[in-house]
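Peer 1: Pasting a structure below so you can have a look.
Number of protein chains: 4
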Amino acid sequence: MSLLTSDIPRKRRFRAGMVGGGRGAFFAGIHRAALRLANRFDLVAGAFSSDPQTCLEAGEALGISAQRNYLNFRDMASAEAARDDPIDVAIVVTPNHLHFEPCKLFLEAGIPVICDKPLVNSSDEARELQRLAEANDTFFAVTYTYTGYPMVRDARARIRAGEIGQIRFMYVEYLLEWLAGDSSKLGKGAVWRGDPSKAGPTGALGDVGTHAFNILEFLSGQRCTALSATLMQTVASFGLDDTDVVQMEFDGGANGLLWAALAAPGHRNGLRFKIVGTKATIEWQQEAPETLHVSRLGEADLIYRRGQRDLTAEAAISVSLPAGNPEAYLEALAVLYCDYATALEGGRNWREALSVPLADLNEGLRGVLLSEVSVRSSSLRSWVPFPVS
Amino acid sequence: MSLLTSDIPRKRRFRAGMVGGGRGAFFAGIHRAALRLANRFDLVAGAFSSDPQTCLEAGEALGISAQRNYLNFRDMASAEAARDDPIDVAIVVTPNHLHFEPCKLFLEAGIPVICDKPLVNSSDEARELQRLAEANDTFFAVTYTYTGYPMVRDARARIRAGEIGQIRFMYVEYLLEWLAGDSSKLGKGAVWRGDPSKAGPTGALGDVGTHAFNILEFLSGQRCTALSATLMQTVASFGLDDTDVVQMEFDGGANGLLWAALAAPGHRNGLRFKIVGTKATIEWQQEAPETLHVSRLGEADLIYRRGQRDLTAEAAISVSLPAGNPEAYLEALAVLYCDYATALEGGRNWREALSVPLADLNEGLRGVLLSEVSVRSSSLRSWVPFPVS
Amino acid sequence: MSLLTSDIPRKRRFRAGMVGGGRGAFFAGIHRAALRLANRFDLVAGAFSSDPQTCLEAGEALGISAQRNYLNFRDMASAEAARDDPIDVAIVVTPNHLHFEPCKLFLEAGIPVICDKPLVNSSDEARELQRLAEANDTFFAVTYTYTGYPMVRDARARIRAGEIGQIRFMYVEYLLEWLAGDSSKLGKGAVWRGDPSKAGPTGALGDVGTHAFNILEFLSGQRCTALSATLMQTVASFGLDDTDVVQMEFDGGANGLLWAALAAPGHRNGLRFKIVGTKATIEWQQEAPETLHVSRLGEADLIYRRGQRDLTAEAAISVSLPAGNPEAYLEALAVLYCDYATALEGGRNWREALSVPLADLNEGLRGVLLSEVSVRSSSLRSWVPFPVS
Amino acid sequence: MSLLTSDIPRKRRFRAGMVGGGRGAFFAGIHRAALRLANRFDLVAGAFSSDPQTCLEAGEALGISAQRNYLNFRDMASAEAARDDPIDVAIVVTPNHLHFEPCKLFLEAGIPVICDKPLVNSSDEARELQRLAEANDTFFAVTYTYTGYPMVRDARARIRAGEIGQIRFMYVEYLLEWLAGDSSKLGKGAVWRGDPSKAGPTGALGDVGTHAFNILEFLSGQRCTALSATLMQTVASFGLDDTDVVQMEFDGGANGLLWAALAAPGHRNGLRFKIVGTKATIEWQQEAPETLHVSRLGEADLIYRRGQRDLTAEAAISVSLPAGNPEAYLEALAVLYCDYATALEGGRNWREALSVPLADLNEGLRGVLLSEVSVRSSSLRSWVPFPVS
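Sequences listed follow chains S, G, V and C, in order.
Residue 364 in the working numbering sits at position 147 of the first sequence; the count goes up by one each step and never skips.
Residue 248 in the working numbering sits at position 31 of the second sequence; the count goes up by one each step and never skips.
Residue 347 in the working numbering sits at position 130 of the third sequence; the count goes up by one each step and never skips.
Residue 527 in the working numbering sits at position 310 of the fourth sequence; the count goes up by one each step and never skips.
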């Protein structure tokens, strides 16, 4: 689904509402930019802040009509549900601890939801959302952004096609530096991310480890069955783990290793993976997302590149620009929004609409379980089974 | 001007019309995606094709009202000029030989213009547009996309600040592979690009050499005063030069070298430069646009990165995402559209609105002169002065 | 100690003897090439094989006089000890299980020893060698080759000087592919490496993990105090672990992670480390050994390069060629041999002769302990203390 | 010819003498290190300096017997020619203007010669050496070091095998920084390199441009037939050109471009080439010599690596260490010395002994012609034919 071919001919458009995202809400601005790029959604409603003034300003700036510029998501859910032209989907971009309630209300109102990760802060909450969504086959997506990169999809397709043989070992690291700086200068986002009552049971693991874990399961099609985690806190002023190591066993026989950190200087958004197979190894890194590196036993390495003719079909359909005109982060998120539009076209059969798996409530639940199980493993200093979900 | 901060608070928006860009017009789709990202323009009018059916379909798909969905740019120019709410700017994305006439008509109607490069196919035409624009101080921009990349702006600012010392030598290469393939399978774009009556006097030089030349002048602030060009045709089926070498002398004392090619396998959009100064060398490549490489005499190399705190001010204002969440081609073009919006806010004083120089008709003219002078130099096999413009 | 400045003026030379290293003994050839490069040793004696014919051929080819071309290392130790001009040092390059006995005999004869890693196959043996060596202050070196690379030494010096702040976390990976191929085609070296009676208690850990472990202690100056290891066997035909993960705690407060594998396609000799400090992160990889990457919080990355003027003193003295004329593996090993010569010049005070720590019997013992402790940890699936040595 | 397999079984050894190379002669030390690595030559004679004391010291340090430690090369040539066991080859490593006379004397004495590049300072001298050598089929090699790199040989073999199709364009750059520093601190080597009476007619072109030119002819098997050169002097204190651009036409239909500079900060020994064919482009750079990058039309790039099983035969025979244990500059020069030994084994038929072309007097002459013809072209500012040689 190219971002460029979506304007002529005109594709079906969807009405979107946003929860969170007033002035200063950084990631909400990213979501709106991706929405504009994807060009399949019109933002027509919102509850942009818990602060009324921020709400009003945001809605006005974003061209939301006054009557759909809600002061809170509860009003929004009930009012939208009552309209003839309700929003087709609610986009939840609040801090972690404010995911559960709006998601629940929209699901109860039968309105599809797109929610930031980590889904919620406990597996009980996640399972409750699952029950609500399954009751009506309501569309629900969790924005694991990195699965929108064409070359991540290309990696997945190549692995499934056997290009690297059988998977032996999976390594993923996700390192950030933002927590390494002067702690007195950290912004609001840093503060709630270190507060267990808001961020959930883990710090680095919930913030970025979930992405890393999700990408291993996405790539391999294997599910984690047990893990051994070491959660470490190296930054005293932060209330949660900032450096984590998780070893994993997967149902397909692979073993895995995950390293996540929030205070690693020189790492801006350092997600990278290396999947070792019996025939080849496949590597990708988020900061150079246009290429996929396949290194083979005794032979020349291959550098696959987004937009070239030897891409797998799963990757090719997610490409917009030709190779050489680089795509990047916003385009990856826009690819997800294109997927969401395609899925929403399917109505109750939204699960059948896509050839690439969409991160749904089950993936969201697994991300929450990663935190819960890792906390237990780390305190026991031993391996713990990972629940079937 | 961040693409993300432009939605809250709401910035002034401009009405845009597009000439060219019906179904299949690839670069027009790119311009529209960048327009959506920039979020400062509403596309309200257009003459999208010389084919009426294509026109109608495109306008409808793009949500243009029927009365502003014109069948040709002549009607568009006169009708828009007569409206109370005319377009604030016309965006011309037709093939090269169809730039001059619409640009002229819009300028005559007092309507600002944004035009793809190369500006036109002769310096006489370019100078005529200059006269028209100067008469009314009408805004006119030529889309040298690569000057929108923050790290190109960072390079320029560092060079101006003396970080590399005095410039000794400037090297730029711009290599593409599209003409290297099976010539029977080339698309429409390839065909007109090899036809002198449409593409203008040169092939590789007009198509990509102009970008490369522009970027050297943009970076250095120096103007070419003489050149020695060798235009080569290595692809028999193409009607123009496909491989060019141009040596240049600049008014600031630097010498330069440009290599452009359209049939270089393995080069997707291979623009890269290396500016050698007395203290350091600065390098950048379009396919890895997030970093700037500064290598110093006897000391550690520096890798500057978009979004970090040690960026120059000129670069920093063009940044949207934090370092690590990569930006790329569409974002660079959107930066230009943000600049255009800022300039248009300035009305007749648009030239004073920006801290980074905007590619105007003079830059467009110089691109056309590059082709004309190089043809002469290549046929004489000698150096030829470059006109002052 | 430059390899190039050692010939004029002439430095003191040492008589060396070699145990192992007949035809087909690959690493012995590497040692001899490094000896020639270092230009401080004359190979005058040897017991090159357990096979008499191979012994004779090798000694003759290597220009060893017939009387010092011994048929076994026992004869060699006693005969050399009895000479007026005995060898100054014995170089032991036999398979792992044949390290202990020759080392013991030479130490008993008061002859210094240079031995390949892993030192021996049990900590009891290692401690017995320690006792023998300490009795006479006899020089004993274990060839941890990678500590000979100038940029590894540069990393160590920068870490000690506080350039990256306090160490938060240390990651090292060492991946090879040789075991991933057709197992029926594996050579002699592969066979004994998978045989516990010869290779010792571990496979990947003993073969390459010891290098990785040693380099972390070398870089940080911190000592491992506890570890949690997972030893995995993914290649059925190999009799030992081929894929290992070890988590570590260090006495200086750092945590560490080590991943070693012998069957990772596309990894030829993939040793790389990443040391995360509070101020910066430092990275190096063996296959691109000429540069050291220091990435800092929010600022430009630094790429240090061997041979430039901003190198640390510890690194600079180990450099031979100017930056740009690359050095590599043989030069790194030759740097170690230059160190050995310098140390041997010191006689009983050999420990004081060098500014960079030399891997001695204690480092050798720690490598053996790594295997022993990891086997225990892996079978218990829990953390185990690492003995003080 | 592996550097490692040359010791068992023992290969035939040759007696070498050296002209130049006393204390402080940097490149002579490099040659001696490469000689030790190659392990086929014994240095038994020398005239190491024009200064008697330096001569004596050097010879003594290098273990030369007093009677073969000559005070000048004239004595050396006559005395060696008169011996029963004369040197098999003379290695000339003096400054450029002192190449001709010793080469001439050794050739007249029937003694093979290995000479540094550039061969001599005029084509008349080069042709005189040619006549002398041809008279007796005497072996004569010019040390174009970079042709000893296995991956340069791999590139040549792949080009010959048609892997990149027909050559369209060849680009080579060779940039150094040494002249960019404080001119008052430049060493002896810098001073004579800027003195036309010693360095020859050009600066950057003679010093490094000859290497770059040679490598294009080596890779392509095509011969330059015409060139257009621009020789520039940007460093006032240097007496010759320091920045050069040369455009070339070749007899096989390819065009070429060469950029050489001595004052480009951040470039230590920056030789790199890019050969554009109709099917693929092949790239290599001296500072990362272990890989060859082949980028293909629309398909994954290939990264070939020294030591892997898919190497061409020409490259494979020049490999010593396995992939992953990197080789570098000294190994490349040692590969040339291995070639010289193989060639010398052939006696008068030395030209038939090698599968990779050896740079002989004709290549040396062409390097000298490059300077002479470029000076003419640059002063005429036009194209000039390149003589057939």
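Backbone N, C-alpha and C fix where the C-beta goes; we use that ideal spot for every residue, glycine too.
In three-state DSSP terms, what is V:T364?
Peer 2: The sequence position of residue 364 of chain V within the third sequence is 147, counting from 1. Note: V:T364 maps to helix in three-state DSSP.
Peer 1: Does G:V590 pass the burial test, meaning 16 or more other C-beta atoms within 10 Å, or should it be called exposed?
Peer 2: Here residue 590 of chain G corresponds to residue number 373 of the second sequence, with the count starting at 1. With 16 or more other Cβ atoms within 10 Å, it is buried.
Peer 1: Kindly indicate which residue of V:N353, V:G483, V:A242 and V:M387 has the alpha-carbon position closest to the one of V:W395.
Peer 2: Start at 1 with the first residue of the third sequence, and residue 395 of chain V comes out as number 178. The shortest Cα separation from V:W395 among V:N353, V:G483, V:A242 and V:M387 belongs to V:G483.
Peer 1: Whose C-alpha, out of G:L252, G:G239 and G:G241, is nearest the C-alpha of G:L553?
Peer 2: Along the second sequence, read from residue 1 onward, the residue named residue 553 of chain G stands at position 336. For the residues G:L252, G:G239 and G:G241, the minimum Cα distance to G:L553 belongs to G:L252.
Peer 1: Should G:Q464 go down as buried or exposed, given a rule of 16 or more other Cβ atoms within 10 Å for buried?
Peer 2: One-based indexing of the second sequence puts residue 464 of chain G at position 247. Buried is the call here.
Peer 1: Quick check on the burial criterion: 16 or more other C-beta atoms within 10 angstroms. Buried or exposed for V:D333?
Peer 2: In the third sequence, residue 333 of chain V corresponds to position 116, counting from 1. Looking at its Cβ environment, which holds 16 or more other Cβ atoms inside 10 Å, V:D333 is buried.
Peer 1: For chain S, find out if any of its Cβ atoms is closer than 8 Å to the Cβ of C:G515; answer yes or no.
Peer 2: In the fourth sequence, the residue the question calls residue 515 of chain C occupies position 298. Yes, C:G515 counts as interfacial toward chain S.
Peer 1: Pull the bridge partners of G:H510 from the DSSP assignment, please.
Peer 2: To locate residue 510 of chain G, count along the second sequence from 1; it is residue 293. For G:H510, the pairing in a beta bridge is given by DSSP as G:E500 and G:I520.
Peer 1: Between C:K405, C:V573, C:L561 and C:I225, which has its C-alpha nearest C:D354's C-alpha?
Peer 2: As a working mapping, residue 354 of chain C is identified with position 137 in the fourth sequence. Selected option, being the one with the closest Cα: C:L561.
Peer 1: Taking 8 Å as the threshold (beta carbon to beta carbon), is C:D459 in contact with chain V?
Peer 2: Walking along the fourth sequence from the start, residue 459 of chain C turns up at place 242. No, its Cβ sits nowhere closer than 8 Å to a Cβ of chain V.
Peer 1: What does the Cβ neighbour count give for C:I536, buried or exposed, with the cut at 16 atoms within 10 Å?
Peer 2: As a position in the fourth sequence, residue 536 of chain C is number 319, starting the count at 1. This sequence places Val at residue 536 of chain C; Ile is not what is there. The residue is buried, with at least 16 neighbouring Cβ atoms inside 10 Å.
Peer 1: Out of curiosity, what's the CA-to-CA distance linking V:E516 and V:I376?
Peer 2: The sequence position of residue 516 of chain V within the third sequence is 299, counting from 1. The sequence position of residue 376 of chain V within the third sequence is 159, counting from 1. V:E516 and V:I376: Cα-Cα distance of roughly 18 Å.
Peer 1: Verify whether the separation of the beta carbon atoms of S:V236 and S:A343 is less than 8 Å.
Peer 2: Reading the first sequence from its first residue, position 19 is the one you call residue 236 of chain S. Reading the first sequence from its first residue, position 126 is the one you call residue 343 of chain S. For S:V236 and S:A343, no; Cβs fall outside 8 Å.
Peer 1: Does DSSP put C:L403 in a helix, in a strand, or in coil?
Peer 2: To locate residue 403 of chain C, count along the fourth sequence from 1; it is residue 186. In this structure, C:L403 counts as coil in the three-state DSSP scheme.
Peer 1: Let me see if you follow: with CB-CB separation under 8 Å, is G:S512 close to chain C or not?
Peer 2: One-based indexing of the second sequence puts residue 512 of chain G at position 295. Yes, because at least one Cβ of chain C sits closer than 8 Å to the Cβ of G:S512.
Peer 1: Closest by CA to G:Q503, which one among G:I520, G:A481 and G:Y546?
Peer 2: One-based indexing of the second sequence puts residue 503 of chain G at position 286. Cα-wise, what sits closest to G:Q503 is G:Y546.
Peer 1: I think S:L211 touches S:Q347, with their Cβ atoms under 8 Å apart; what is that distance to the nearest whole Å?
Peer 2: Any property of residue 211 of chain S remains undetermined from this structure, which presents chain S solely from 218 to 606.
Peer 1: If the criterion is Cβ atoms closer than 8 Å, does the pair C:T451 and G:R385 meet it?
Peer 2: As a working note, residue 451 of chain C is residue 234 in the fourth sequence. As a working note, residue 385 of chain G is residue 168 in the second sequence. Yes; because the gap between Cβ atoms is below 8 Å, this pair is in contact.
Peer 1: Run through DSSP, which three-state label would V:Q439 get?
Peer 2: In the third sequence, residue 439 of chain V corresponds to position 222, counting from 1. It is coil, neither helix nor strand.
Peer 1: In three-state DSSP terms, what is G:G411?
Peer 2: The residue you call residue 411 of chain G lines up with position 194 of the second sequence. Looking at G:G411 - three-state DSSP - the assignment turns out to be coil, as it is neither helix nor strand.
Peer 1: Hey, out of S:L433, S:G241, S:S266 and S:Q284, whose CA is closest to S:I499's CA?
Peer 2: Residue 499 of chain S sits at position 282 when you count from the first residue of the first sequence. The residue with the shortest Cα to Cα distance from S:I499 is S:L433.
Peer 1: Under the DSSP definition of a beta bridge, which residues are partnered with G:C272?
Peer 2: By 1-based counting over the second sequence, the position of residue 272 of chain G is 55. G:C272 is not bridged to any residue.
Peer 1: What does DSSP give as the partner residue(s) for V:P602 in the beta ladder?
Peer 2: Residue 602 of chain V sits at position 385 when you count from the first residue of the third sequence. Paired residue(s): V:A443.
Peer 1: Could you give the DSSP three-state label for C:T495: helix, strand or coil?
Peer 2: One-based indexing of the fourth sequence puts residue 495 of chain C at position 278. C:T495: coil per DSSP, three-state reduction.
Peer 1: Step through the CB atoms of chain S and report whether any lies within less than 8 Å of the CB of C:L519.
Peer 2: Your numbering for residue 519 of chain C matches position 302 in the fourth sequence. With 8 Å as the cut-off, C:L519 counts as an interface residue toward chain S.
Peer 1: Can C:A250 and V:L279 be called in contact, C-beta distance under 8 Å?
Peer 2: By 1-based counting over the fourth sequence, the position of residue 250 of chain C is 33. By 1-based counting over the third sequence, the position of residue 279 of chain V is 62. Cβ atoms of C:A250 and V:L279: not closer than 8 Å.
Peer 1: Between the C-alpha atoms of V:N313 and C:I247, what's the straight-line distance to the nearest angstrom?
Peer 2: For this step, residue 313 of chain V is matched to residue 96 along the third sequence. For this step, residue 247 of chain C is matched to residue 30 along the fourth sequence. In a straight line, the C-alpha of V:N313 is about 35 Å away from that of C:I247.
Peer 1: Going by C-alpha to C-alpha distance, which of S:W409, S:L436, S:D459 and S:G438 sits closest to S:L393?
Peer 2: Along the first sequence, read from residue 1 onward, the residue named residue 393 of chain S stands at position 176. Of all alpha-carbon atoms in S:W409, S:L436, S:D459 and S:G438, the one lying nearest the alpha-carbon of S:L393 is that of S:D459.
Peer 1: Within 10 Å of its beta-carbon, does S:L254 have 16 or more other beta-carbons around it, so buried, or fewer, so exposed?
Peer 2: On the first sequence, position 37 is the one that residue 254 of chain S refers to. Buried is the call here.
Peer 1: Which residue's Cα is closest to the Cα of G:L608: G:A478, G:A350, G:G470 and G:L474?
Peer 2: Because chain G in this structure spans residues 218 to 606, residue 608 of chain G falls outside the shown range and cannot be described.
Peer 1: Return the CA-CA distance between G:L273 and S:R227, expressed in angstroms with no decimal places.
Peer 2: Mapped onto the second sequence, residue 273 of chain G falls at position 56. Mapped onto the first sequence, residue 227 of chain S falls at position 10. Rounded to the nearest whole angstrom, the C-alpha separation of G:L273 and S:R227 is 12 Å.
Peer 1: Taking C-alpha atoms, which residue in C:F258, C:V337 and C:E277 lies nearest to C:F173?
Peer 2: The question about residue 173 of chain C has no answer, for chain C in this structure spans 218 to 606.
Peer 1: If you reduce the DSSP assignment to three classes, tell me which class G:D468 lands in.
Peer 2: For the purposes of this step, residue 468 of chain G is identified with residue 251 of the second sequence, where counting begins at 1. G:D468 falls in the coil class under three-state DSSP.
Peer 1: Would C:P602 pass as an interface residue toward chain G - the criterion being a Cβ-Cβ separation below 8 Å?
Peer 2: Mapped onto the fourth sequence, residue 602 of chain C falls at position 385. Answer no: the Cβ-Cβ gap between C:P602 and chain G never drops below 8 Å.
Peer 1: Report the CB separation of S:R240 from S:D259 in whole angstroms; it is logged as a contact under 8 Å.
Peer 2: What you label residue 240 of chain S is simply residue 23 of the first sequence in a count that begins at 1. What you label residue 259 of chain S is simply residue 42 of the first sequence in a count that begins at 1. Contact doesn't hold; Cβ gap of about 21 Å is too wide.
Peer 1: Kindly indicate which residue of G:S512, G:N542 and G:D518 has the alpha-carbon position closest to the one of G:Q525.
Peer 2: Sequence index remark: in the second sequence, residue 525 of chain G carries index 308 (1-based). It is G:N542.
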